[in-house]
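The structure appears below as structure tokens.
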Amino acid sequence: MRFALLSLLLLAGCDTAHPTMMGSVKREVVVQGLRFVTFQKGDEVEVLRMGYLTRSERAGVQALMAEAAAASTGCRVIPDSIRTRIPGDSGEAMFDLDC
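Following this line, the structure appears as structure tokens:
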């Protein structure tokens, strides 16, 4: 059980694209002091927030993720296109782009 928990914690810090984004272009960007890793494939981008934030520090991070997507790709993020695997997730999100 401890090994499984440790493995999960280690994987949570990875900057690896979701399998659907394999073959994407990886970029790193800092927005308002937070580091993000993005993976662009066509007109989609996956954004990963790197580093730990407390619950109170997570407010507004999804907006910063959209900024990171635009800054790293040079494309406009389509409004309201955010998708997360966990509702309200501030660690990972997908956006549609208008390039």
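The opening residue of the sequence shown carries number 506 in my numbering; numbering runs sequentially from there. We put the CB at the ideal spot given by N, CA and C, even for glycine. Note that the coordinates shown come from a computational prediction; the quantities given were computed from them, not determined experimentally.
Check, Outcome
"Nearest neighbour of CYS604, chosen from GLY596, ILE587 and CYS580 [CA to CA]", "CYS580"
"Own chain residues within Cβ distance below 8 angstroms of ASP585, not counting five before or after", "none"
"Assigned secondary structure, VAL582 (DSSP; H/G/I helix, E/B strand, else coil)", "strand"
"ALA488 versus SER529, MET526, VAL536 and THR525, residue with shortest Cα-Cα distance", "The question about residue 488 has no answer here: the residues shown for the chain are numbered 506 through 604."
"Where the beta strand (DSSP E) through MET555 begins and ends", "549 to 555"
"LEU558 in three-state terms, based on DSSP", "coil"
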